[in-house]
DNA sequence: TATGTTCTGGAACGAGAGGTCAACAACTCC
DNA sequence: GGAGTTGTTGACCTCTCGTTCCAGAACATA
């Protein structure tokens, strides 16, 4: 019934995501989107609603991918800390798709919060999920004697999450990936148990 | 010679700073500024140039104050780590002027980098200076046996700087100051030397 | 082929953007 | 007081913003 879509909705959302990611919400105009997406204005509005809704959809797509990456990253048989470390490397590498634009989520939080409740909710959800995932793995690390006794698993999870947000800011100021890697090295050096005992319980 | 200014340039810059801080660069219009600053458009342009220059001046004012806070925060006779910890508390408290808007510098980096070289330069300068100040104090901490041997002073400085940027993002997502304090507690718990020896050298 | 429905692309819209300007106001100096 | 200079104001400019609308294109069904 009716004329079919001539474009792949998800592919279009990906391109919108890259544009918003690169330029930010306010600095991206509908003209930019028309040009980048290769669609008429009418088609965009019909398919995605207004500019803000399109942005939220694009951000949701970005966060959804991050969620997936997180959910499928852990093998509960191997030590947790090295896996966490590898996850961060992968997370940051995934963001290099948009070369020096940092993290779409961090950028959006910084630009639009606390005034944009829709974006706030979506971001909060992903951050909470990430923190919980970290906490589970860190608790596993603690039980395995990997984690420094100076910190609890939930606190370490929150600390790591916070640090990663900070890394995304620092990457925009100094894009040298070696700096990022070095910073993660330091963090994990501190998190590691200096006297790795046998499993405690 | 000529008619004198009827306004205090620095007071006006402060108000512009608060507005840009609250709304971001792109979302703040000249109309907003005219209304907030209580000046005619012409006066603003005559005194500060265009919108972008005004923004850079406002950001410079913000960063200048942070620089001052940092420069005058350390007593080389007392232990370094607690002083660093107090500094962070003061930094975050200073930002509470603009209740839930996070950090003007972090917001600006996220919104405008990597496309705005002027903002990038100004922000880089302050971050470098902060990192160096941290490093000096952490080196003092290391020599005094305060710092964990698991990390060097420069690395700890970079780690702390990164963490604070992250805290500014997290604060926008969850404004509860207790979370921020707890995160700093965790970080310093890890940085502290678990076996505080006597001064080594 | 005729009809109904959906999608497409671009013209058109009002609002508001950032920026300019000219007339007037407020001072200093002669 | 007159001349010269600078600050102030708000009307005004052009351009671009986000959004709407409509005529035509592309399908399914009959």
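Residue numbers (the numbering used here), protein chains in the order written: chain A, 2 to 202; chain B, 2 to 202. Glycine included, C-beta positions come from ideal geometry on N, C-alpha and C. Values in this document were obtained by computation on a predicted structure and should not be read as measured data.
Query: Pull up the distance between the alpha-carbon of residue 171(B) and that of residue 49(B), whole angstroms please.; Result: 33 Å
Query: Tell me which same chain residues have a C-beta within less than 8 Å of the C-beta of residue 35(B), skipping the five on either side of it?; Result: 41, 42 and 45
Query: With a threshold of 9 Å between beta carbons, is residue 63(B) in contact with chain A?; Result: no
Query: Here's a check: name, in chain order, each residue in its chain whose Cβ is nearer than 6 Å to the Cβ of residue 88(A), leaving out the five neighbours to either side.; Result: 74
Query: Taking DSSP as the reference, what is the three-state secondary structure of residue 91(B)?; Result: helix
Query: Using a Cβ-Cβ cut-off of 6 Å (strictly less than) and excluding sequence neighbours within five positions of residue 114(A), which residues of its own chain qualify?; Result: 121
Query: Is it buried or exposed for residue 136(A), if we count other Cβ within 10 angstroms and need 16 for buried?; Result: buried
Query: Would you say residue 139(B) faces chain A, with C-beta separation under 9 Å as the test?; Result: no
Query: Mind checking the region 165-179 of chain A against chain B and listing, in chain order, the residues whose C-beta falls within less than 9 Å of any C-beta there?; Result: 165, 166, 167, 168, 169, 170, 171, 173, 174, 175 and 176
Query: Pick from 9(B), 77(B), 193(B) and 57(B): whose alpha carbon is nearest that of residue 157(B)?; Result: 193(B)
Query: Residue 160(B) and residue 187(A): beta carbons closer than 9 Å?; Result: yes
Query: Mind listing the chain A neighbours of residue 128(B)? Cutoff is C-beta to C-beta under 7 Å, in chain order.; Result: 174
Query: Straight-line CA distance for residue 19(A) to residue 63(B)?; Result: 31 Å
Query: Taking a cut of 8 Å between CB atoms, which residues from the region 88-106 of chain B lie near chain A?; Result: 101, 102 and 103
Query: Expressed to the nearest angstrom, what Euclidean distance is found between the alpha-carbon atoms of residue 99(B) and residue 16(B)?; Result: 11 Å
Query: Can you give me, in chain order, the residues of the region 6-33 of chain B that have a beta carbon less than 9 Å from any beta carbon in chain A?; Result: 23, 24, 25, 26, 27 and 28
Query: When the Cα of residue 28(A) is compared with those of 101(B), 162(B), 117(B) and 39(B), which residue comes out closest?; Result: 117(B)
Query: Decide yes or no for the touch test of the region 141-155 of chain A against the region 51-58 of chain A: beta carbon pairs closer than 8 Å, at least 3 of them.; Result: no
Query: To the nearest angstrom, how far is the alpha carbon of residue 133(A) from that of residue 141(A)?; Result: 12 Å
Query: Which residues in chain B sit within 8 Å of residue 1(A), going by Cβ to Cβ distance?; Result: This structure leaves residue 1(A) out entirely; chain A is present only between 2 and 202.
Query: Quick check on the DSSP output: what are the complete alpha helix (DSSP H) runs of length 4 or more inside the region 72-132 of chain B, in order along the chain?; Result: 81-96 and 105-113
Query: Relative to the C-alpha of residue 84(B), which candidate in 196(B), 56(B) and 185(B) has its C-alpha closest?; Result: 185(B)
Query: Do residue 59(A) and residue 14(A) have their CB atoms nearer than 9 Å?; Result: yes
Query: Only counting the same chain, and skipping five residues up and downstream in sequence, which positions put a Cβ closer than 7 Å to that of residue 202(B)?; Result: The predicted position of residue 202(B) is uncertain, since its pLDDT is 48 and thus under 50; no value can be drawn from it.
Query: Mind listing the chain B neighbours of residue 4(A)? Cutoff is C-beta to C-beta under 8 Å, in chain order.; Result: None at all; the shortest Cβ gap to chain B is about 37 Å.
Query: Taking the straight line between their C-alpha atoms, what separation do you get for residue 151(B) and residue 190(A)?; Result: 6 Å
Query: Please check the pair residue 110(B) and residue 173(A), which I expect to be a contact at CB under 8 Å, by giving their CB distance rounded to whole angstroms.; Result: 6 Å
Query: Once DSSP output is grouped into helix, strand and coil, what is the label at residue 40(B)?; Result: coil
Query: By how many angstroms is the C-alpha of residue 97(B) removed from the C-alpha of residue 163(A)?; Result: 19 Å
Query: Measure the C-alpha to C-alpha separation of residue 86(A) and residue 61(A) and round it to an integer number of angstroms.; Result: 25 Å
Query: For residue 200(A), count the other beta carbons within 10 Å of its own beta carbon; 16 or more makes it buried, fewer makes it exposed. Which is it?; Result: Because residue 200(A) carries a pLDDT of 47, less than 50, the predicted location of this residue cannot be relied on, and the following value inherits that uncertainty. Residue 200(A) is exposed by the Cβ-count criterion.
Query: By the three-class DSSP mapping on this structure, what secondary structure does residue 6(B) have?; Result: coil
Query: Report all residues from its chain with a CB closer than 6 Å to the CB of residue 22(B); omit the five preceding and five following residues, and keep chain order.; Result: 99, 102 and 105
Query: Please list, in chain order, the chain B residues whose beta carbon lies closer than 8 Å to that of residue 192(A).; Result: 191
Query: Given residue 181(A), which residues of its chain have a CB within under 7 Å of its CB, disregarding the five upstream and five downstream residues?; Result: 93, 168 and 172
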